[in-house]
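Q: Starting off with a structure, shown below.
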Amino acid sequence: MLHSALLATPNGLRGMRAKIYIRVSSTRGRKELISPELQEIAARAKAEQEGIEVVDVVFDLDQSGRDFAKRKIADIIDEVRRGKYEIVLLWKWSRFGRNLRDSLNNLHELSQVGGIAISATEPGDSVTTMGKFSRNQMLSIAELQSDMIGDGWKETHSYRLTQGLPHNGTPRFGYVYQDKRYFPEPIRGDALAEVYERWVDGEPFRTISVDMADAGIRTPGGDVLEQGRWIQIMDTGFAAGLIRKKKPGAKGNRFDNWDWHQGAHEALIEPDLWEAFVEKRVAGLGRKWASPKAKYSVSGLLRCSKCMRSMTATKTDRGKVRFRCSGISTKRCSGLTILLNVANASILDWLVKRASGGHNTEEAARAEAARKKQDVDIAALKKKIDDLDKRLSRLLDVYESGDISKDEYAKRKAAREAERSTAQQELTKLKSEQTARPLPASFYKGLADAWDRISDDRKRQALKQVINYVIVSPNDESDGDRCLVVPKFG
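In numbering that gives the first Met the number 0, the protein residues as written are 0 to 489.
Spelled out as structure tokens, the structure:
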């Protein structure tokens, strides 16, 4: 072989070319202590000692030591085969993988194309009997260390599971993380509970996700949640107060590959809603998601007058459809209900009045009052966000002056940022409901005339063009008509 002949010459490796391969693993959120810079320094020192010319340095960062399939080893072996260089310089032998079998396999492939691997800090080589023995010992030790670290994390995760805690403190949608605990976040938490209810009731994810985007619901990073992201969030069961753990031997992230355990955090949804979700998810495994058509004409339009949360559909004992406040399932509102046929009748009556241009003065006054309140709320939220920005700035000044500790600063900062995020979501939602371009009376007349002939999905699509939402009042607070339509324009 090429490397054997060169090692036997008086000059050894002198004059040969090498690429330095540097890998830093980021396993379970913790980076290795040995930085890329220190690895490169050690490798260059070895090259200078042996008289080797370094032609390139390749960095393989932020990957798990066990995620070896994604490494750049294949490219390196191909470059050696094409004669770009002869040597691969490593900080340690384990840089070619922490699994003994995989490392030896890749070292063998490198050897087969005439390449040489050299460790800058450990004994051994890929040529002599004793050299290979030393190299293999180093690889075995690295594998042992990796296994011990893995065992330690398994024990830690098992302990946290018994305490009802997730394996780390990463952000969870619908919650804020504070003082090493998760607390419900009102806006996102209520939105997530609503998504559960609406999907279990039969609404398609696409319709629901569009509604949530229109309402200003975003990730903490400000991203719109598409259908797939909602599914991922709901599948975890965290909103049901649960912690999930993969079943022994299970591979992949299919819904039925997990077991759920009781968590220590507060649930956003009731157990019966979670059970209904699980039943529907399991029944749908392997099938495409439901049709994108809305199930009811008023889906996503009805709001509870007590708390302004959305109302979701349920079935009564007699088979009728009833909408109820989503705050009932989260225990954040005593809630109210309304039958679908009652809501439909009110909305149809509103359409007829609009079509004739005769919507009454009382309705117009109530709608105008709702819009004025909306303007006041928007102004108040803008002021609140501005005040929170100033408070965050002052907090930073206090911290930099040394008047509070780093931990106290982080705690206060997280609380104020969570408060600001909630206010910003409310503001985005209200702005999305502001005045739009009016449609002619013929639009209302056409919709009213076709009401009994078109599908609920088409009704809803049309209503969304002219209605922001419909406020539903309790029976004892209304003068016959329980529904106040808040139009997109006067």
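We put the beta carbon where it would ideally sit given N, CA and C, even for glycine. Since we're looking at a predicted model, the values are computed, not measured.
Which residues does DSSP list as the beta-bridge partners of residue 257?
A: Residue 257 pairs with 245.
Q: Rounded to a whole number of angstroms, what is the C-alpha to C-alpha distance between residue 205 and residue 390?
A: Roughly 39 Å between the two C-alpha positions.
Q: Assuming the contact rule is C-beta atoms closer than 8 Å, residue 116 and residue 132 should be a hit. Round their C-beta distance to whole Å, please.
A: 15 Å between Cβ atoms; not a contact.
Q: Once you ignore the five residues that flank residue 17 on each side, which residues in its own chain have a CB closer than 8 Å to its CB?
A: Excluding sequence neighbours, residue 17 sits near 46, 51, 52, 53, 54, 84, 85, 86, 87, 88, 117.
Q: What residue from 383, 38, 49, 240 has the CA that sits closest to residue 93's CA?
A: Closest by alpha carbon: 38.
Q: Kindly indicate which three-state DSSP category residue 117 falls into: helix, strand or coil?
A: Strand, per DSSP.
Q: Determine, using beta carbons only, whether residue 444 and residue 344 come nearer to each other than 8 Å.
A: Contact flag unset, no.
Q: Count the other C-beta atoms from every protein chain shown that fall within 10 angstroms of the C-beta of residue 252, then say buried if there are 16 or more, exposed otherwise.
A: Looking at its Cβ environment, which holds fewer than 16 other Cβ atoms inside 10 Å, residue 252 is exposed.
Q: Starting from residue 89, trace the beta strand (DSSP E) in both directions and tell me its first and last residue.
A: Per DSSP, residue 89 belongs to the beta strand (DSSP E) from 86-89.
Q: Given that a residue counts as buried once 16 or more other Cβ atoms are within 10 Å of its Cβ, and exposed if not, what is residue 471?
A: The residue in question, residue 471, is buried, as its Cβ has 16 or more Cβ neighbours within 10 Å.
Q: Return the chain-ordered list of same chain residues with a C-beta closer than 7 Å to the C-beta of residue 383, the five sequence neighbours on each side being excluded.
A: Excluding positions up to five away in sequence, the list reads 422.
Q: Taking 6 Å as the limit between beta carbons, can you name the residues of its chain near residue 347, skipping five residues before and five after?
A: Result list for residue 347: 450, in chain order.
Q: Identify which residue in 200, 161, 197, 217 has its Cα closest to the Cα of residue 173.
A: Minimum Cα distance to residue 173 is reached at 217.
Q: According to DSSP, which residues form a beta bridge with residue 134?
A: DSSP lists no partner for residue 134.
Q: Can you grab the Cα-Cα spacing for the pair residue 397 / residue 414, in whole Å?
A: So the two alpha carbons sit approximately 16 Å from each other.
Q: What's the C-alpha gap between residue 182 and residue 223?
A: For residue 182 and residue 223, the distance between alpha carbons rounds to 22 Å.
Q: If I'm right that residue 238 touches residue 191 with Cβ under 8 Å, what's the distance once you round it to whole angstroms?
A: Residue 238 to residue 191, Cβ: 5 Å. Contact.
Q: Pull up the distance between the alpha-carbon of residue 387 and that of residue 377, whole angstroms please.
A: Each residue's alpha carbon lies about 15 Å from the other.
Q: Would you identify the three-state DSSP class for residue 314, choosing helix, strand or coil?
A: In the structure shown, residue 314 sits in a strand (DSSP, three-state: E or B).
Q: Count the other C-beta atoms from every protein chain shown that fall within 10 angstroms of the C-beta of residue 461, then say buried if there are 16 or more, exposed otherwise.
A: Flag for residue 461 reads buried.
Q: What's the call for residue 127, buried or exposed, on a 16-neighbour Cβ count within 10 Å?
A: Label assigned to residue 127: exposed.
Q: Can you tell me whether residue 311 is buried or exposed, with buried defined as 16 or more other CB within 10 angstroms of its CB?
A: Residue 311 is buried by the Cβ-count criterion.
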